[in-house]
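See below for the structure under consideration.
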Amino acid sequence: EVDRAKGEVRVPTFVACREGFLEQIACLAGTREHESLLVTEIKPSDVHAALLLLGLEPGTPGSWNYDGDAVKRTPPRGPSVELLVAFEKGGSRQEAPLASWVRGVDGRAFAGTWVFSGSRFAKNPKSWGEGEHYVADFTGSLAGLVTFGDETLAATTVIPDQVDVEAANWQSWTERMPAEGAPATLIIRRPAPSAAP
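Quick note on numbering: the sequence shown equals residues 1 to 197 in our numbering.
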């Protein structure tokens, strides 16, 4: 659902992973539920189209690679977006920043922000026939926490997807979340323009 007046897109989801380490904030059903806070039946390319209707233009996903022995991190680019979640808990309707559902193994809160990186297109495998496909529709990466390089919405902090490069750290903040399988709404909001000085 696109609400141009509020500058937001609302995506119906369900709570997926309440325990363990995270790699995704939101993913497509049948892909990465075991490592994602939220799961949805909505294709990432449809969310991409909804963000275009808000007037946002996608950037590019982040990446990381080895430069000799050092790890080189390239942050994602694109317009900033706020990720919020609306849900019911304890009999009341609540809305919170999605980052508040993520904490480190040391107990610290995740202070990340997100951009509309727009995933990418890749050539179809021969078995699919001619053409290209939107990569996030195949991998399920709607909103990433870890950097796979295919996210429609990407965390601005590049977190390598291999634990031998960077140890797993971010996990579900279970106490702040409703039950697994509970309905929730992912809200992707265009930040309000800052006031002129």
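Glycine included, C-beta positions come from ideal geometry on N, C-alpha and C.
### Task
Just mark Trp128 as buried or exposed, buried being the case when its beta carbon has 16 or more other beta carbons within 10 Å.
exposed
### Message
Taking the beta strand (DSSP E) that Ser45 belongs to, which residues open and close that run?
### Response
Element bounds for Ser45: not the beta strand (DSSP E) but the alpha helix (DSSP H), Pro44 to Leu53.
### Query
Looking at the structure shown, is Trp173 part of a helix, part of a strand, or coil, going by DSSP?
coil
### Ser100 in three-state terms, based on DSSP
helix
### Message
Looking only at its chain, what residues have a beta carbon closer than 6 Å to the beta carbon of Ala136, apart from the 5 residues adjacent to it on each side?
### Response
Pro44, Ser119, Asp150 and Thr152
### Query
By how many angstroms is the C-alpha of Thr147 removed from the C-alpha of Trp173?
20 Å
#### Entry: Range covered by the alpha helix (DSSP H) that runs through Val210
Since the first and last residues shown for the chain are 1 and 197, residue 210 lies out of range.
### Query
Does the Cβ of Gln162 have 16 or more other Cβ atoms within 10 Å, making it buried, or fewer, making it exposed?
exposed
### Message
Can you tell me whether Ser117 is buried or exposed? The criterion is at least 16 other CB atoms within 10 Å of its CB, across all chains shown.
### Response
buried
#### Entry: Alpha-carbon to alpha-carbon, Arg108 and Arg190
26 Å
#### Entry: For Val102 and Val15, the rounded distance between their alpha carbons
13 Å
### Backbone secondary structure at Pro197 - three-state DSSP
Residue placement at Pro197 is poorly supported in this model, since its pLDDT is 48, which falls under 50; the coordinates are not used for a value here.
### Which residues DSSP lists as bridging Ala5, in chain order
Partner(s): none; Ala5 has no beta bridge.
### Message
What does the Cβ neighbour count give for Gly144, buried or exposed, with the cut at 16 atoms within 10 Å?
### Response
buried
### Pick from Ala70, Thr74 and Ala96 that is closest to Val158, judged by C-alpha positions
Thr74
### Proximal residues to Gly131 (C-beta, below 7 Å), its chain only, five neighbours per side dropped
Asn124
### Task
Could you check the C-alpha separation between Thr139 and Ala184 for me, to the nearest Å?
22 Å
### Task
Would you give the residue range spanned by the beta strand (DSSP E) that Glu88 belongs to?
Ser80 to Lys89
### Neighbourhood of Asn169 by C-beta, 7 Å cutoff - its chain only, sequence neighbours within 5 removed
Gly104 and Val105
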